[in-house]
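Undergrad:
In my numbering, the protein residues as written are 56 to 189.
1) Give me the Cα-Cα distance between residue 185 and residue 114, rounded to the nearest whole angstrom.
2) Helix, strand or coil for residue 128? Go by DSSP, reduced to three states.
3) Please report the distance separating the alpha-carbon of residue 131 from that of residue 118.
4) Mind listing, in chain order, the continuous alpha helix (DSSP H) runs of no fewer than 4 residues lying wholly within the region 94-122?
5) Quick check: the Cα distance between residue 108 and residue 148, rounded to an integer number of angstroms?
6) Would residue 163 and residue 89 qualify as a contact pair, given that the criterion is a beta-carbon distance under 8 angstroms?
7) Going by beta-carbon coordinates alone, are residue 74 and residue 141 separated by less than 8 angstroms?
8) What is the rounded straight-line gap between the Cα of residue 157 and the Cα of residue 123?
9) Would residue 77 be called buried (16 or more neighbouring beta carbons within 10 Å of its own) or exposed?
10) In chain order, what residues of the same chain have a beta carbon less than 6 angstroms from the beta carbon of residue 127, not counting five sequence neighbours either side?
11) Can you have a look at residue 153 and say buried or exposed, based on whether 16 or more other CB atoms are within 10 angstroms of its CB?
12) Residue 110: which of 125, 80, 91 sits nearest, CA to CA?
13) Where does residue 137 land, buried or exposed, given buried means 16+ other C-beta within 10 angstroms?
14) Residue 161 and residue 155 - do their beta-carbons sit closer together than 8 angstroms?
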């Protein structure tokens with residue numbers, strides 16, 4: 056899948072081994088945080104449930120992305136920068152969550168999955184920038 060110029064296409068770049076590992080680790084993280092979200096929904100409203108599960112997912116994501124995806128050493132400096140990725144993603148997600156639940160009237164059980172899928176490319180790019188930076 057190369058363009059006529061011999062350069063890789065966007066699809067080729069996205070389907071590289073690193074991106075696939077990112078998607079796998081993201082799947083593991085998503086499943087873990089989604090199950091936590093559903094459990095928390097039994098006790099709290101959707102916003103608080105999402106926030107708690109989201110913050111927990113940041114810790115898991117940093118570890119999986121650093122060790123499994125990008126094969127870097129865990130570092131306090133990068134760990135402290137890593138939440139910037141998720142702060143940006145969180146703000147976009149919580150807005151989308153609100154709109155999809157309150158205005159589009161989608162189920163609070165499936166909306167987080169929709170929101171996560173939409174933001175995968177942004178999260179991959181920002182995560183790589185922070186973790187791979189020396």
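For glycine and all other residues, C-beta sits at the position ideal for the given N, C-alpha and C.
Because the structure is a prediction, the values reported are computed rather than measured.
TA: Quick look at the numbers:
1) 15 angstroms
2) DSSP places residue 128 in coil when its eight states are reduced to three.
3) The alpha-carbon atoms of residue 131 and residue 118 are separated by roughly 11 angstroms.
4) 101-118
5) 13 angstroms
6) no
7) no
8) 37 angstroms
9) If you draw a 10 Å sphere on the C-beta of residue 77, you find 16 or more other C-beta atoms in it, and that means buried.
10) 121, 186
11) By the neighbour-count criterion, in which 16 or more other beta carbons inside 10 Å mark a residue as buried, residue 153 falls on the exposed side.
12) Closest option to residue 110, Cα to Cα, is 91.
13) With 16 or more other Cβ atoms from the protein chains shown falling within 10 Å of its own Cβ, residue 137 counts as buried.
14) yes
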